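Heads up: the protein sequence lines correspond to chains A and B, in order.
Residue numbers for the first sequence follow this note's numbering, so the first one is 5 and each next one is one higher.
Residue numbers for the second sequence follow this note's numbering, so the first one is 5 and each next one is one higher.
Number of protein chains: 2
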Amino acid sequence: METRPTGLREQKKQATREALRAAALRLALERGPDNVRVDDIAEAAGVSPRTYNNYFSSREQAIVAAVTGEREARVAAAVAGRPADVGLAEAVIEAIVDQYTDPGQPGCDALLLITTRPALRDEFVDAAAAIEHPLSDAIAQRLGHTGRHTTARVLAASVAAAVRLALREWLQTTAASSTTSGLVLPSGSLPDLLRTTLAPLTPALDAAERQAGRRPPQ
Amino acid sequence: METRPTGLREQKKQATREALRAAALRLALERGPDNVRVDDIAEAAGVSPRTYNNYFSSREQAIVAAVTGEREARVAAAVAGRPADVGLAEAVIEAIVDQYTDPGQPGCDALLLITTRPALRDEFVDAAAAIEHPLSDAIAQRLGHTGRHTTARVLAASVAAAVRLALREWLQTTAASSTTSGLVLPSGSLPDLLRTTLAPLTPALDAAERQAGRRPPQ
DNA sequence: GACAAAACTTGCGTGCACGCAAATTTGCGT
DNA sequence: ACGCAAATTTGCGTGCACGCAAGTTTTGTC
């Protein structure tokens with residue numbers, strides 16, 4: 005669905021990106037995140053240190069990317085994939101909750117690592133901003149091409165902002181409880197938090213849908 | 005209203021901050037933004053280079069701060085100051101439009117400088133994120149202490165996101181037109197852009213207000 | 001199959017953000 | 001007026017992001 009440039013080149017690029025992600029996560033888990041320099045990651049991935057910064061613009065980005073994977077694209081696909089007769093608000097909220105609900109433990113130790121270091125927490129939260137553009141496209145598609153393109157972008161940006169609020173809150177309480185009690189990961193509350201922060205946006209999503217839907221008739 | 009620490013200390017801090025802002029803007033206008041190093045700004049302000057980074061965490065921040073001033077606080081104050089009988093949505097939108105409507109030309113040449121350099125544009129847009137917390141407090145106050153505190157934060161974050169979208173669009177078209185035609189600053193369209201991006205959030209703001217208002221009765 | 005253009009990698013140099021700890025300044029009680 | 005404690009400034013060292021200009025690999029064309 006997305007293969008603009010020819011094959012071999014893109015293939016190698018993804019391989020390098022993946023190698024960097026894997027190396028970054030492995031080294032961070034082995035030695036602790038503060039004892040890993042960019043040069044180490046590059047060396048472990050078999051590329052030049054300069055090349056690292058062609059793929060990731062900060063040291064933390066590779067580690068977080070290894071955990072989050074391609075969540076943004078999956079969220080957008082999930083929104084587009086919901087049946088057309090459910091409300092936009094419900095479609096968006098459920099799609100997001102689904103994607104952020106832990107599927108097994110793809111990196112439970114990695115999450116614990118992220119919650120520990122402030123820099124990694126910030127990067128993890130900021131990474132959620134990447135859902136904005138794909139989500140904007142998905143919402144625009146649901147609203148139909150008649151509606152204002154700007155509306156979709158505003159709604160997507162608002163949803164992304166709400167998600168970031170939820171993640172911040174989640175990481176904060178998580179970090180607090182792991183210092184007081186002891187190393188607990190209350191992952192169960194994340195879906196609830198997401199629903200809570202997304203709820204206030206429901207009226208805006210519904211209104212946009214109603215307005216777009218009213219276009220063809222009358 | 006806000007003088008937690010004793011006077012003289014805070015006074016000097018603000019003086020230093022202002023000196024850095026002024027020096028940064030002046031030098032950027034004189035030599036062009038790329039020919040100004042952090043050391044130059046610090047020297048012009050009479051402080052150590054290291055001290056600069058105690059006040060601003062990036063080189064661009066001081067320049068942008070010199071232009072934007074304390075806009076965040078004024079937005080929050082403007083929201084709080086609107087009469088209680090106008091809708092929340094209207095209060096927020098009008099307050100923001102007012103504050104972003106150019107009052108004379110406090111830095112027309114400075115704006116031209118900012119639109120030129122991508123790094124400064126980014127910093128200018130990101131600076132709008134600072135309205136989030138003050139605005140959150142102002143909205144919470146209008147919703148009354150009975151409402152969910154989270155709702156106010158989500159709405160404030162969404163509004164901030166919408167504002168950033170408007171600014172981005174504005175700077176983009178501005179930059180485009182200054183290369184094609186010649187150095188035009190279509191500042192007149194900013195209010196319209198802001199209303200357009202904020203409009204989709206009106207239903208959410210109204211709904212929150214209705215829900216909070218329904219608390220005391222019934 | 002060879003060639004030219006485009007895309008990617010690499011090395012280098014520069015300026016920068018920031019942790020840390022010593023030195024300095026400010027606030028306040030006595 | 002004096003001195004102690006807290007806040008702030010400063011110098012230093014480290015790692016990092018990124019522009020730039022080669023050098024290298026891939027792609028599409030003749």
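Positions of the beta carbon are idealized from the N, C-alpha and C atoms, including for glycine.
Treat the numbers as computed from the prediction; the structure is a model and nothing was measured.
Item: Can you pull the chain A neighbours of B:Ala212, defined as C-beta to C-beta under 9 Å?; Value: Pro204, Pro207
Item: What do you get for A:Lys16, buried or exposed, if any count of 16 or more other CB atoms within 10 angstroms of its CB means buried?; Value: exposed
Item: Please say whether B:Gln103 and B:Ala123 have beta carbons closer to each other than 8 Å?; Value: no
Item: So which residues on chain A does B:Leu159 lean against when the C-beta distance must stay under 8 Å?; Value: Pro204
Item: I need the straight-line Cα distance from A:Gly186 to B:Ala46, nearest angstrom please.; Value: Caution is warranted here: a pLDDT of 49 is assigned to A:Gly186, below 50, making its placement in the model unreliable, and no coordinate value can be reported.
Item: How many whole angstroms separate the CB atoms of B:Gly111 and B:Val71, which I take to be in contact at a CB cut-off of 8 Å?; Value: 5 Å
Item: What's the call for B:Gln65, buried or exposed, on a 16-neighbour Cβ count within 10 Å?; Value: buried
Item: Which value, in whole angstroms, describes the spacing of the CA atoms of A:Arg13 and A:Glu22?; Value: 14 Å
Item: Take every Cβ of the region 145 to 164 of chain B, pair it with every Cβ of the region 72 to 92 of chain B, and state whether three or more of those distances are shorter than 8 Å.; Value: yes
Item: Checking 8 Å against the spacing of the C-beta atoms, do B:Ser140 and A:Ala165 come in under that value?; Value: no
Item: Kindly give me the distance between the Cβ atoms of A:Val167 and A:Leu198, rounded to whole angstroms, as I take these residues to be in contact under 8 Å.; Value: 7 Å
Item: Give me the residue from B:Asp44, B:Thr154, B:Leu209, B:Ala203 with the minimum Cα distance to A:Asp196.; Value: B:Thr154
Item: Taking A:Ala134 as the query, report the chain B residues whose CB atoms sit under 7 Å from its CB, ordered along the chain.; Value: Result: empty, since nearest Cβ-Cβ is about 14 Å, beyond 7 Å.
Item: A:Ala166 versus chain B: which residues are under 8 Å apart at the beta carbon?; Value: Val158, Ala161, Ser162
Item: Ignoring anything shorter than 4 residues or poking outside the region 102 to 134 of chain A, list the alpha helix (DSSP H) runs there in chain order.; Value: 112 to 120, 122 to 131
Item: Count the other CB atoms within 10 Å of the CB of A:Thr10; is the residue buried (16 or more) or exposed (fewer)?; Value: exposed
Item: Residues of chain A with CB closer than 9 Å to the CB of B:Leu124, please, in chain order.; Value: Residues of chain A passing the Cβ test: none, with the nearest at roughly 18 Å.
Item: So what's A:Asp89 in DSSP terms, helix, strand or just coil?; Value: coil
Item: What I want to know is whether the C-beta of A:Pro37 ends up closer than 7 Å to one or more non-hydrogen atoms of the ligand SAM.; Value: Only the bare structure without any ligand can be found here, which leaves the ligand SAM out of the picture.
Item: What whole-angstrom Cβ distance do A:Ala208 and B:Leu205 have, given they're in contact under 8 Å?; Value: 6 Å
Item: Note down, in chain order, every chain B residue with its Cβ under 7 Å from the Cβ of A:Thr154.; Value: Thr200, Thr201
Item: Establish whether the CB of A:Ser185 and some CB of chain B are separated by less than 8 Å.; Value: Note that A:Ser185 scores 49 on pLDDT, short of 50, meaning its location in the model is unreliable and no value can be drawn from it.
Item: Can you give me the Cβ contacts of A:Arg172 inside the same chain, cut-off strictly under 7 Å, excluding the 5 residues immediately before and after it?; Value: Val129
Item: Does B:Leu24 come within less than 8 Å of chain A when only Cβ atoms are used?; Value: no
Item: Excluding sequence positions up to five away, which residues of its chain have a Cβ less than 6 Å from the Cβ of B:Leu115?; Value: none
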